[in-house]
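All letters in the sequence shown, in the order written, are residues 1 to 186 by full-length UniProt numbering.
We treat Cβ as the ideally placed atom computed from N, Cα and C, and that holds for glycine.
One structure below.
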Amino acid sequence: MNVRLFNSVASAPISWNMVIRGYASSDTLREVVLVFLDIKRRGVRPNKLTFPFLVKAHTGSFALKEGKQIHVEVVKFGLACDVYVNNNLVHFYRSCCWLEDVIGYFVKMMDFRFEPDETKMVVAIFACIKVGNLSLGKWIHFQVIERGMVLNYQLGTALVDMYMKCGAMGYARLVFNTMKERNMWT
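Spelled out as structure tokens, the structure:
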């Protein structure tokens, strides 16, 4: 695709977002970055739909340094509180095994009154397991209880696994006994 189609300085971000999305889907990180730099050079303001595709391109390439630069751009453009952008950043850091950043994002999202679902809780618990942070895992478990989330087999299994791997067998048994759903991995 030739980006010279977008010669207007005042091009809407939606046109650019479609180009970025196309390149991000074809795993051509270099082109994604060049398009983004062209957007900035032309004075077009990226929006909350621009960054998830940029992040996706960097996730597939495991380009941690470049992904962190995109994160800086997210902050500069005032989109650090956007749930959609933040979910993509959490996925990026998790995919790049930058688990401390996943935990940091999770805590930050909670500060902004973000209401995580069971999937986000499982991702945060996974990060706690990998870094061995029992106290943060307990805090996440408290958040699960406080929000009235049902311990389905994914969430319950993640909590049992976290408590077991962090050496808290009593808590693991307590969670296991209160689970409404179980499967062979529980």
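According to DSSP, is residue i part of a helix, a strand, or is it coil?
i: G43; result: coil
i: M110; result: helix
i: M169; result: helix
i: S8; result: Only weak support exists for where S8 lies, its pLDDT of 49 falling under 50; the value from the coordinates is given anyway. Coil at S8, not helix or strand.
i: F53; result: helix
i: A80; result: coil
i: M164; result: helix
i: N2; result: Per-residue confidence for N2 stands at a pLDDT of 45, beneath the threshold of 50, marking its modelled position as unreliable; the derived number appears in the next sentence. Correct three-state label for N2: coil.
i: R30; result: helix
i: L151; result: coil
i: E181; result: coil
i: K48; result: coil
i: E115; result: coil
i: V175; result: helix
i: V75; result: helix
i: I70; result: helix
Would you kindly report the start and end of the unbroken alpha helix (DSSP H) that includes residue i?
i: G137; result: 134-146
i: A127; result: 118-131
i: M18; result: 13-25
i: A88; result: At residue 88 the sequence reads Asn, which differs from the Ala that was named. Counting along the chain, the alpha helix (DSSP H) containing N88 begins and ends at 83-95.
Throw me the rounded Cβ distance for the residue i and residue j pair, which I believe falls under 8 angstroms.
i: Y105; j: N86; result: 6 angstroms
i: R21; j: F53; result: 5 angstroms
i: P46; j: F77; result: 6 angstroms
i: M164; j: A158; result: The Cβ separation is near 11 angstroms, so there is no contact.
i: I140; j: M169; result: Contact doesn't hold; Cβ gap of about 18 angstroms is too wide.
i: L151; j: K180; result: 6 angstroms
i: V55; j: G67; result: 7 angstroms
i: M162; j: I125; result: 5 angstroms
i: I70; j: H58; result: 6 angstroms
Measuring only between beta-carbons, confirm whether residue i sits less than 8 angstroms from chain C.
i: H58; result: You won't find chain C in this structure, because it holds only one protein chain.
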